[in-house]
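Q: Below you'll find the structure I mean.
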Amino acid sequence: MIISHAPIVRPSEITPRDVYLNRRSLMLGAAAAGLSAAMAPRGAEAAQLEASPRPLSTDEEPTALEHITNYNNYYEFGTGKEDPAKKAHTLTTEPWTVKVDGLVSRPAEFDLEDLLKPVTLEERIYRLRCVEGWSMVIPWVGFPLSEVLNRVEPLGSAKFVAFETVMRPDEMPGLRAFFNVLDWPYVEGLRLDEAMHPLTILTVGLYGETLPNQNGAPIRLIVPWKYGFKSIKSIVRITLTEEQPPTSWNKQNPREYGFYSNVNPEVDHPRWSQATELPIGQGIFAKRKPTLLFNGYADQVAQLYAGMDLTKFY
Amino acid sequence: MLQITDVARKPRLSKALRFRLLRAALYWVGFAPAVWVFYLGFTNQLGANPVRTLEQELGIWTLRFLIATLMVTPLRNVTGISLLRYRRTLGLLTFYYALLHFTTYMLIDYRLDLQAIAADIVKRPYITFGMLAFAILVPLAVTSNDRMVRRLGGAWAKLHRWVYLAAAAAAVHYLLVVKSWPMEPLVYFAIVAVLLAYRLGKHLRRRRRPAVA
C-alpha cells in the first residue's frame, strides 16, 4: 500500500526564500575554483567545488557543517559517532579509481578525475534520515548516478546495481578490530530503476567543498528516500547484476534491515519505532518530528513501489 | 545527649566521623559526572545529538555504579578489602543515576508523550528491559535506610537480591539499544555476567556443602 501525501513542513522550518538564495549565491560565489582545480592533488585541506543549485533540493535549513562532519556512522573507522571524524584522516583518497563492471557493454575502470570530467556538479540539499532515528539536512554536491550507468551501457539483463566500499585494513582501524561488527567490505545495492532515478546521486562534495573523509570521500552514493546506511561511502566498485546483490546490514541482521530500507514511519525497526526522528544540531531541547514516508520524497519515488507490500519489502 | 567525657570512646567517634566524611565525599564525586554532563548539555557542548549523549552518559554511569555495588562482596572475599559500609551509597548512586536517565528519557527526549512511551515499553525490548531494571531499583532504594533494614529483618536481604535481576536487565538493555555488536556494551555485559556467575557459583557451592558434610 502506498500512501502518497505532500510533505508536512512547519513554517518555522522554512528559511525565507531570499535569505536562502542569498546564502546559496554567496557560497557558490566563493566556490570559484573549477572542477580540475578541485580534483588536483590536495592535502588535508578540502578544495572548493563549483556546483549549480537545482530544483530537487529541499528548502529546509541545512544542518551545521560541524555536526555533519562530526556525527557519522562509518564503522570502518569505529562504531562511535565521533570515531570517523577522529580517525578517517588515514584514508588515502588519491589516486582513486572506480571500477564499473558486470552486465554492461562497456565495463571500465575510471580514475576519479575521468569519472567526473563529463559531468556537471549540482548542489542537492537533501534530508538524511538515519535508521537509528535521527536526521539532518545536508547540502551535497554531486551528479546523477544514471550518468555513469548510461556511459557504460547496461545490458537488458541488468536488474540491480551493487556497490562496494574500499577495504584497507591498514588505513581503517575498524577493520582491525577485535571482531568484525560487519562483514567487510561494506556492500550495498539498489534496483536498477532506483539507481537510475534522478534523486539518486553520486556525491563528491558537501557545503561546496570536497567531501571530508568521514563523510565518505572521495565519492559516495546518496539515496535520500532510504535510510542512511544505503548511501554507501568511498565507493571503489559498481557492478550491474541480474540477481539482487547482498547488502551489508541485511547480511548482519536480515530481520532488522531489509534490502529496500525505504524510510517508512509505519514500518518500525523490530527494536525501535520509526515514527519520529530527532533533528541533529538543535541542542538539548530539540523536538522530535514526525518521520515522512520515503523521507518526504513520496511524490517523486512512490511509483517505484506501486503494488508492493512495504511491510514485507522493508 | 552526647557527652564525650570517656576518652576510650573518642577513637570510635572519629571513626564514625571519618566514615560520614568519606561517604559524603563519595556522593560528591559520584554526582560529579552527572553535574558535568548536564552542564555540557545546557551550555550546548554535547555535540550533534545532545539528547542521545545525555541519555547514554547517564545510562553508562548507572551501569558503572551498579557494577561497583556488585563488586563490593567479591572484592572483600578475594582481597580482604571491605567497602561494605559504602555499598549502600554506591547502590543509591546507582538509583539516582537510573532516575536521571529515566527522567531524561521521559522529559527531554519524549517530552512526556505518555502514549509513545507506553508503546515503547510494550513494543521495544530495550525499553522493556530498561524499565524492568528501573522498576526493581525503586523498592531497593526506598528500603535503603536503617529503619527499613531493621523492620524487614531477613526479608531485607531477600528483597535486595533482586538487584541481580536489575543488573542483568540493565546489561541487556544496553546491548539491545545499539546496532550490530560494538565493543562497549559487550564489555559491560561480560562484567555483569562474571559478577552474577560469581554469586551463582557461591550459591551452588553453599547448597552442595551440607550434602557432602
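One line per chain: the protein sequences are A and B, in this order. Residue numbers for the first sequence, in this note's numbering: 1099 to 1412. Residue numbers for the second sequence, in this note's numbering: 645 to 857. Built from N, CA and C at the ideal position, the CB exists for glycine as well. Owing to the predicted nature of the structure, the values given are computational and were not obtained by experimental measurement.
Identify the continuous alpha helix (DSSP H) that holds B:I861 and give its terminal residues.
A: There is simply no residue 861 of chain B to check, as chain B begins at 645 and stops at 857 in what is shown.
Q: Please confirm whether B:L820 has its beta-carbon closer than 9 Å to some beta-carbon of chain A.
A: For the purposes of this step, residue 820 of chain B is identified with residue 176 of the second sequence, where counting begins at 1. With 9 Å as the cut-off, B:L820 counts as an interface residue toward chain A.
Q: Check whether the Cβ atoms of A:S1244 and A:T1298 sit closer than 9 Å, and answer yes or no.
A: Start at 1 with the first residue of the first sequence, and residue 1244 of chain A comes out as number 146. Start at 1 with the first residue of the first sequence, and residue 1298 of chain A comes out as number 200. Yes; because the gap between Cβ atoms is below 9 Å, this pair is in contact.
Q: Using the beta-carbon of each residue, which ones in chain B are nearer than 8 Å to A:S1255?
A: Taking the first residue of the first sequence as 1, we reach residue 1255 of chain A at position 157. Simply none; closest approach about 34 Å.
Q: Would you identify the three-state DSSP class for A:A1315, choosing helix, strand or coil?
A: Within the first sequence, the letter at position 217 stands for residue 1315 of chain A. Reduced to three states, the DSSP call for A:A1315 is coil.
Q: Report the residue from B:G691, B:A712 and B:L776 whose alpha carbon sits nearest the alpha carbon of B:Y818.
A: Counting from one through the second sequence, the residue named residue 818 of chain B turns up at place 174. Ranking the options by Cα distance to B:Y818, first place goes to B:L776.
Q: Short of 7 Å in beta carbon distance, which residues of its chain neighbour A:L1201, apart from the five on each side in sequence? Order them along the chain.
A: For the purposes of this step, residue 1201 of chain A is taken as the residue at position 103 of the first sequence. Closer than 7 Å at the Cβ level, and outside the excluded window around A:L1201, lie P1252, L1253, S1255, A1256, L1338, T1339 and E1340.
Q: Go through the region 1272 to 1297 of chain A residue by residue and report every complete run of the beta strand (DSSP E) that reaches 3 residues or more, in order.
A: 1285 to 1289
Q: Would B:G691 pass as a contact of A:K1179 if the rule is Cβ separation under 9 Å?
A: Along the second sequence, read from residue 1 onward, the residue named residue 691 of chain B stands at position 47. Along the first sequence, read from residue 1 onward, the residue named residue 1179 of chain A stands at position 81. Taking the C-beta atoms as reference points, A:K1179 is found nearer than 9 Å to B:G691.
Q: For A:W1232, name the three-state secondary structure that DSSP assigns.
A: Translated into the one-based positions of the first sequence, residue 1232 of chain A becomes position 134. Strand at A:W1232.
Q: Mind pulling the chain B residues with CB within less than 9 Å of A:L1376?
A: Taking the first residue of the first sequence as 1, we reach residue 1376 of chain A at position 278. Proximity of chain B to A:L1376 at the Cβ level (cut-off 9 Å) is accounted for by N693, V695, R696 and D753, in chain order.
Q: Which residue spans inside the region 777 to 806 of chain B form an unbroken alpha helix (DSSP H) run of at least 4?
A: 790 to 796 and 798 to 804
Q: Is the beta carbon of A:V1239 sitting closer than 9 Å to the one on A:E1221?
A: Translated into the one-based positions of the first sequence, residue 1239 of chain A becomes position 141. Translated into the one-based positions of the first sequence, residue 1221 of chain A becomes position 123. A contact, by the Cβ cut-off of 9 Å.
Q: Looking at the secondary structure, which residues open and close the alpha helix (DSSP H) in which B:N698 lies?
A: Residue 698 of chain B sits at position 54 when you count from the first residue of the second sequence. Looking at the sequence itself, residue 698 of chain B is Leu, so the reference to Asn does not match. Start and end: P694 to T723.
Q: I'd like the span of the beta strand (DSSP E) that includes A:G1200, first residue to last.
A: Here residue 1200 of chain A corresponds to residue number 102 of the first sequence, with the count starting at 1. Judged by DSSP secondary structure, A:G1200 falls within the beta strand (DSSP E) whose first and last residues are T1195 to G1200.
Q: Contact criterion: CB-CB distance below 9 Å. Does A:R1115 meet it with respect to chain B?
A: Your numbering for residue 1115 of chain A matches position 17 in the first sequence. Residue confidence for A:R1115 is low, a pLDDT of 42 falling below 50, so the modelled location carries little weight; the figure read from the coordinates is stated next. No, A:R1115 does not count as interfacial toward chain B.
Q: Please go through the region 1212 to 1263 of chain A and give each complete alpha helix (DSSP H) segment of 4 or more residues, from N-terminal end onward.
A: 1243 to 1250
Q: Against chain A, does B:P826 count as a neighbour if the rule is that its beta carbon must be under 9 Å from one of theirs?
A: By one-based count along the second sequence, residue 826 of chain B stands at place 182. B:P826 counts as touching chain A.
Q: Does the Cβ-Cβ distance between A:V1235 and A:E1292 come in under 9 Å?
A: On the first sequence, position 137 is the one that residue 1235 of chain A refers to. On the first sequence, position 194 is the one that residue 1292 of chain A refers to. For A:V1235 and A:E1292, no; Cβs fall outside 9 Å.
Q: Could one say the Cβ of A:A1384 lies closer than 9 Å to chain B's Cβ atoms, at least one of them?
A: Within the first sequence, numbered from 1, the residue matching residue 1384 of chain A stands at position 286. With 9 Å as the cut-off, A:A1384 counts as an interface residue toward chain B.
Q: Which residues mark the beginning and the end of the beta strand (DSSP E) in which A:T1337 is found?
A: In the first sequence, the residue the question calls residue 1337 of chain A occupies position 239. Its beta strand (DSSP E) spans residues I1333 to T1339.
Q: For B:Y770 and A:W1370, what's the separation of their Cα atoms in angstroms?
A: The count along the second sequence starts at 1 and reaches residue 770 of chain B at position 126. The count along the first sequence starts at 1 and reaches residue 1370 of chain A at position 272. Roughly 8 Å separates the two Cα atoms.
Q: Is DSSP giving A:D1407 helix, strand or coil here?
A: Translated into positions along the first sequence, residue 1407 of chain A becomes position 309. Here A:D1407 sits in coil by DSSP.
Q: If A:K1197 and A:R1318 are in contact, beta carbons under 8 Å, what's the gap, nearest whole angstrom?
A: By 1-based counting over the first sequence, the position of residue 1197 of chain A is 99. By 1-based counting over the first sequence, the position of residue 1318 of chain A is 220. Going by Cβ atoms, the distance from A:K1197 to A:R1318 rounds to 16 Å, so no, they are not a contact pair.
Q: Can you give the Cα-Cα distance for B:T733 and A:T1156, rounded to whole angstroms?
A: Counting from one through the second sequence, the residue named residue 733 of chain B turns up at place 89. Counting from one through the first sequence, the residue named residue 1156 of chain A turns up at place 58. Cα to Cα, B:T733 sits roughly 53 Å from A:T1156.
Q: Can you tell me which residues form a DSSP beta bridge with A:H1367?
A: Counting from 1 along the first sequence, the entry for residue 1367 of chain A is found at position 269. Under DSSP, A:H1367 shares a beta bridge with A:W1370.
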